[in-house]
Amino acid sequence: MEARIIKLTGGLYTVLDQHGRLVECRPLGIFRHHNIKPKVGDFVEVIDQTITKVFERKNDFLRPAIANVDQVLLIQSMKEPDFSFLLLDRFLALIQAEEVDPIIIVTKTDLATKEELIEIKQKLDYYHTYFPVVYSSSKNGYGLEEIRNYTKGKVNVVAGQTGAGKSSLLNAMDPRLNLDTNEISKALGRGKHTTRTVELIVFDGGWIADTPGFSKLEFEAFEPSMLTERYPEFESYRGLCRFDGCSHIHEPNCAVKEAVLNKRILQERYDNYVLLYQEIKGMKPKYPR
Ligand SMILES: Nc1nc2c(ncn2[C@@H]2O[C@H](COP(=O)(O)OP(=O)(O)OP(=O)(O)O)[C@@H](O)[C@H]2O)c(=O)[nH]1
Ligand SMILES: [Mg+2]
Ligand SMILES: [Zn+2]
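Under the working numbering, residues 24 to 312 are what the sequence shown spells out, in order.
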């Protein structure tokens, strides 16, 4: 029988089968020796409450551990915690996996002044060329209908730092979810996240996974050269640099650096690229090349 994993708690998986039934099961013991770890979102074969096969994934996230996602709702608050472009670029670089669309959602707009909003919007207009950007407030309902246009019928995952308002936003969109939320001061003060498990929940004709936010977001090991591909605005300069495999950092005659000088690529976004590139390069690869 084919099914989809929608929840994992303490080694026990809950799958939704073809007949819409929820079944609790465990994976085959031999999986461990083959380094196979079924995760939420996986399509699996289930025989007698045992997961016997994991079907190929279209994409695969390590943290949160979830697979076969359509899009990521990247949630950043205007205030409490303050909006951070470095964090935004970091998340964008991390979540652009295969066949995943990030949607930038700015929450807590009710806490910002008009001037502050205009300032952020000016910069985010640049991002809007490449990604959807939505402004919202879970307090007054602003922007929620616009978000629904994207989430409807999809497998959605939320991402964003702790206290950004991820769970609050989902609750505002569907009060039946009744997800735990927390006072920002408490959440940060205790250094733990309000949301702990990863689970797919029925949402708007599709699915949603609320996830714990990260107070610190680290890169999983990947080739620094891959970072270029996660900057969609670099795409139109592909092949135009003097050197093949140009890192766009120290090489002469670099088309990307030229575009930064000509203000076709946002300076700050490029600066963050350099920071992230160096960070990834400084990491030890997990596997021998
Ligand atoms: N004023 C205002 N406060 C908000 C808004 N959204 C969330 N909050 C507050 O922000 C705090 C944190 O919200 P949560 O929804 O728990 O944040 P989270 O991103 O789910 O946090 P973790 O689960 O720890 O990752 C709560 O006190 C919410 O009431 C908003 O749009 N406006
Ligand atoms: Mg939460
Ligand atoms: Zn270059």
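Quick reminder that beta carbons are idealized off the backbone N, C-alpha and C, glycines included.
The structure displayed is predicted, hence computed values, not measured ones.
Task: Beta-carbon spacing of THR130, LEU192 below 8 angstroms - done: Counting from one through the sequence shown, the residue named residue 130 turns up at place 107. Counting from one through the sequence shown, the residue named residue 192 turns up at place 169. It is a contact, given that the beta carbons lie within the stated cut-off.
Task: Nearest-residue set for ligand 3, Cβ under 5 angstroms from any heavy atom - done: Result: CYS264, CYS269, HIS271, CYS277 and VAL279.
Task: Residue nearest to ARG199 in terms of C-alpha spacing, selected from GLY186, VAL225, THR220 and LYS177 - done: Along the sequence shown, one-based indexing puts residue 199 at 176. The residue among GLY186, VAL225, THR220 and LYS177 with its C-alpha nearest the C-alpha of ARG199 is VAL225.
Open item on the list: In this structure, how does DSSP classify TYR158 when only helix, strand and coil are distinguished?
Closed with: If you number the sequence shown from 1, residue 158 lands on position 135. If DSSP states are grouped into helix, strand and coil, TYR158 belongs with the strands.
Task: SER191 - containing beta strand (DSSP E), residue span - done: Translated into positions along the sequence shown, residue 191 becomes position 168. That residue, SER191, is in no beta strand (DSSP E); its alpha helix (DSSP H) goes 189 to 196.
TODO: Taking PHE66 as part of the beta strand (DSSP E), name the residues at either end of that continuous run.
DONE: Indexing the sequence shown from 1 puts residue 66 at position 43. For PHE66, the uninterrupted beta strand (DSSP E) segment begins and ends at 66 to 70.
- [ ] With hydrogens ignored, establish whether the beta-carbon of ALA187 is closer than 7 angstroms to any heavy atom of ligand 1.
- [x] Sequence index remark: in the sequence shown, residue 187 carries index 164 (1-based). Yes, ligand 1 has a heavy atom inside 7 angstroms of this Cβ.
- [ ] Output the boundary residues of the alpha helix (DSSP H) element that contains ILE303.
- [x] The sequence position of residue 303 within the sequence shown is 280, counting from 1. Run containing ILE303: 290 to 304, per the alpha helix (DSSP H) assignment.
- [ ] Verify the contact flag: GLY33, CB atom, against every heavy atom of ligand 1, threshold strictly below 7 angstroms.
- [x] Taking the sequence shown and counting its residues from 1, the one referred to as residue 33 is at position 10. Not one heavy atom of ligand 1 falls within 7 angstroms of the beta-carbon of GLY33.
Task: Helix, strand or coil at ASP133 [DSSP, three-state] - done: For the purposes of this step, residue 133 is taken as residue 110 along the sequence shown, with counting starting at 1. ASP133 sits in a helix when the DSSP states are folded into three classes.
Open item on the list: Taking DSSP's pairing of strands, which residues face THR73 in a bridge?
Closed with: Locating residue 73 in the sequence shown gives position 50, counting from the first residue. Beta-bridge annotation (DSSP): THR73 is paired with ARG49 and ILE70.
Task: Cβ-based neighbour list, ASN295, same chain, cut-off 6 angstroms, excluding 5 preceding and 5 following - done: Within the sequence shown, the letter at position 272 stands for residue 295. Excluding positions up to five away in sequence, the list reads LEU109 and ASP112.
Task: Bridge-paired residues (DSSP) for TYR36 - done: Counted from its first residue, the sequence shown places residue 36 at position 13. Bridge partners of TYR36: LEU31 and CYS48.
- [ ] Report whether the distance from the Cβ of ASP233 to the nearest heavy atom of ligand 2 is below 7 angstroms.
- [x] Within the sequence shown, residue 233 is the residue found at index 210, counting from 1. The answer is yes for ASP233.
Open item on the list: Measuring CB atoms only, is the segment 59 to 67 touching the segment 77 to 92, in the sense that at least three cross pairs come out at less than 8 angstroms?
Closed with: The segment 77 to 92 and the segment 59 to 67 touch, with three or more beta-carbon pairs separated by less than 8 angstroms.
- [ ] Taking TYR125 as the reference, give the member of GLY229, PHE114 and ASN91 with the closest Cα.
- [x] Locating residue 125 in the sequence shown gives position 102, where the first residue counts as 1. Going by the sequence as given, residue 125 is Pro instead of Tyr. Of the listed residues, the one whose Cα sits closest to PRO125 is PHE114.
TODO: Would you identify the three-state DSSP class for VAL221, choosing helix, strand or coil?
DONE: In the sequence shown, the residue the question calls residue 221 occupies position 198. VAL221: coil per DSSP, three-state reduction.
Open item on the list: I'd like the span of the alpha helix (DSSP H) that includes ASN172, first residue to last.
Closed with: Locating residue 172 in the sequence shown gives position 149, counting from the first residue. Unbroken alpha helix (DSSP H) run through ASN172: 167 to 174.
TODO: Flag SER107 as yes when its Cβ comes closer than 7 angstroms to any non-hydrogen atom of ligand 2, and as no otherwise.
DONE: Locating residue 107 in the sequence shown gives position 84, counting from the first residue. Not one heavy atom of ligand 2 sits closer than 7 angstroms to the Cβ of SER107.
TODO: Starting from VAL283, trace the beta strand (DSSP E) both ways and give me its first and last residue.
DONE: Along the sequence shown, read from residue 1 onward, the residue named residue 283 stands at position 260. From DSSP, VAL283 is part of no beta strand (DSSP E) but of the alpha helix (DSSP H) over 278 to 284.
Open item on the list: By the DSSP assignment, the alpha helix (DSSP H) with ALA116 in it spans what residues?
Closed with: By 1-based counting over the sequence shown, the position of residue 116 is 93. Unbroken alpha helix (DSSP H) run through ALA116: 108 to 118.
- [ ] May I ask you to check if the CB of ASP133 is nearer than 7 angstroms to at least one heavy atom of ligand 1?
- [x] Residue 133 sits at position 110 when you count from the first residue of the sequence shown. ASP133 Cβ: within cutoff of ligand 1.
Open item on the list: For PRO87, tell me which candidate among ALA195, GLY236 and ILE127 has the shortest Cα-Cα distance.
Closed with: Counting from one through the sequence shown, the residue named residue 87 turns up at place 64. Closest by alpha carbon: GLY236.
- [ ] With hydrogens ignored, establish whether the beta-carbon of PRO164 is closer than 7 angstroms to any heavy atom of ligand 1.
- [x] As a first step, residue 164 is located in the sequence shown; it is residue number 141 there, counting from the start. In the sequence on display, residue 164 carries Gly and not Pro. For ligand 1, not one heavy atom lies less than 7 angstroms from the Cβ of GLY164.
- [ ] Can you give me the start and stop residues for the beta strand (DSSP E) that ASN179 sits inside?
- [x] Position 156 of the sequence shown holds residue 179. Unbroken beta strand (DSSP E) run through ASN179: 178 to 182.
Open item on the list: Suppose contacts are defined by Cβ-Cβ distances below 8 angstroms. Is ASP93 in contact with ASN172 by that definition?
Closed with: Within the sequence shown, the letter at position 70 stands for residue 93. Within the sequence shown, the letter at position 149 stands for residue 172. Not closer than 8 angstroms, so no.
Open item on the list: Can you look up PHE257 in the DSSP assignment and give me helix, strand or coil?
Closed with: Along the sequence shown, read from residue 1 onward, the residue named residue 257 stands at position 234. Collapsing the DSSP output to three states places PHE257 in a helix.
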